Structure formats: structure tokens, C-alpha cells
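Enquirer:
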Amino acid sequence: RKPEPFGRVVIEAMANALPVIVADHGGMSEIIEDNVTGYKFIPNCEDSLSSRIEYVLKNQNLAKVVSDAALAKYEECFTETAYQKNISDTIFDNAWGAGNLIKFGSESQVKTLVLIIFGLATNFLVKIIYLPHRASLSQ
Numbered sequence: 004r005k006p007e008p009f010g011r012v013v014i015e016a017m018a019n020a021l022p023v024i025v026a027d028h029g030g031m032s033e034i035i036e037d038n039v040t041g042y043k044f045i046p047n048c049e050d051s052l053s054s055r056i057e058y059v060l061k062n063q064n065l066a067k068v069v070s071d072a073a074l075a076k077y078e079e080c081f082t083e084t085a086y087q088k089n090i091s092d093t094i095f096d097n098a099w100g101a102g103n104l105i106k107f108g109s110e111s112q113v114k115t116l117v118l119i120i121f122g123l124a125t126n127f128l129v130k131i132i133y134l135p136h137r138a139s140l141s142q
């Protein structure tokens, strides 16, 4: 089977501090660190998957520690705020580093301005694309 490039279900599980078990290929194998933020199994191997499930069920205390680490990674990397920060830092670093294209204000003022602009754009897109789409799905 083909690996999933970015499994949203895994990210949602991380956000809810649930144990995550992923095949060790595709995008999720790059996000999950085995026995740290989740568990990996050999792709297309039922025995490997079942042994990881059994391991999690038999080691609930350890699974809680790993799930909490996954939640921390989610908060660091996958929240809207984290996305905004990563994008604004990238924009800022490219603009600031490219011969000081931005000539006004201090570094913190420019970063704040970039965050505000990105936040407004994100909210606008959510309101015109996501919310109407979500509403149409619930009907």
C-alpha cells in the first residue's frame, strides 16, 4: 500500500493526547519519533502492527508519557499559532536576510507586523473557504 503523505487523523490523535501507532513509511514516519511521540510498525505487516497495539495496551503508563510528548509536539508544530509563527518567521527571515529589503522598524516590530498580516489573511480564508464548506457538509 502507498504511504499517506500527511495523515490528519494522526495529528488529531496527537492533539488529544492519544497513543499514535503509524506505519514506518510516508509522512507520518517523519513526524513520529518511535517510543517518544508515538509508535511505529513495519509497513504492511500485521504481526508488527498487532505487537505494537499489544505493547501500548500492556504499558499504559508509558503510553501516557509518549502521548503527552505527542501533545507537546502537536502544540509546538501543528497548531494555527505554530503555523503562523513558522510562516511569519520564514517570510521575515527571507525578507530580512535578502539585503534588508525591509527597512522600517525593529526586528520585533517587523515580526509583529508579519504575524498580524498573516493572522488576518488566515481568518479571512477560514471565513470564506472553510466555514461555508463545513456548513455544507453538515446539511
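Throughout the sequence shown, residue numbering follows this note's numbering, covering 4 to 142 in sequence. Yeah, the Cβ is synthetic: ideal placement off N, Cα and C, and Gly gets one too. Small disclaimer: the values here were computed from a predicted structure and weren't measured.
Please determine, among Pro-8, Phe-9, Val-59, Asp-92, the residue with the shortest C-alpha to C-alpha distance to Ile-24.
Expert: Taking the sequence shown and counting its residues from 1, the one referred to as residue 24 is at position 21. Closest option to Ile-24, Cα to Cα, is Val-59.
Enquirer: Pick helix, strand or coil for Lys-43, following the three-state DSSP scheme.
Expert: Locating residue 43 in the sequence shown gives position 40, where the first residue counts as 1. Residue state, collapsed to three classes: strand.
Enquirer: Measure the alpha-carbon distance for Ala-61 versus Glu-15 and round it to whole angstroms.
Expert: As a first step, residue 61 must be located in the sequence shown, where it is residue number 58. As a first step, residue 15 must be located in the sequence shown, where it is residue number 12. Going by the sequence as given, residue 61 is Lys instead of Ala. Going from the Cα of Lys-61 to the Cα of Glu-15 covers about 23 Å.
Enquirer: Regarding Tyr-77 and the ligand HEM, is the C-beta to nearest heavy atom distance less than 7 Å?
Expert: In the structure on display, the ligand HEM does not appear, and there are no ligands present to speak of.
Enquirer: With a threshold of 16 other CB atoms inside 10 Å of the CB of Phe-44, please say whether the residue is buried or exposed.
Expert: Indexing the sequence shown from 1 puts residue 44 at position 41. With 16 or more Cβ atoms within 10 Å of its Cβ, Phe-44 is classed as buried.
Enquirer: Taking all protein chains shown into account, do 16 or more other C-beta atoms lie within 10 angstroms of the C-beta of Tyr-77, making it buried, or fewer, making it exposed?
Expert: In the sequence shown, counting from the first residue as 1, residue 77 sits at position 74. Burial call: buried.
Enquirer: Taking just the CA atoms, how far does Asn-64 sit from Gly-30?
Expert: Position 27 of the sequence shown, counted from the first residue, corresponds to residue 30. Position 61 of the sequence shown, counted from the first residue, corresponds to residue 64. Cα-Cα distance, rounded: 27 Å.
Enquirer: Closer than 6 Å by C-beta to Ala-6: which residues in its own chain qualify, once you throw out the five before and the five after it? Chain order, please.
Expert: Locating residue 6 in the sequence shown gives position 3, counting from the first residue. This sequence places Pro at residue 6; Ala is not what is there. Cβ neighbours of Pro-6 beyond the five flanking positions: His-28, Gly-29.
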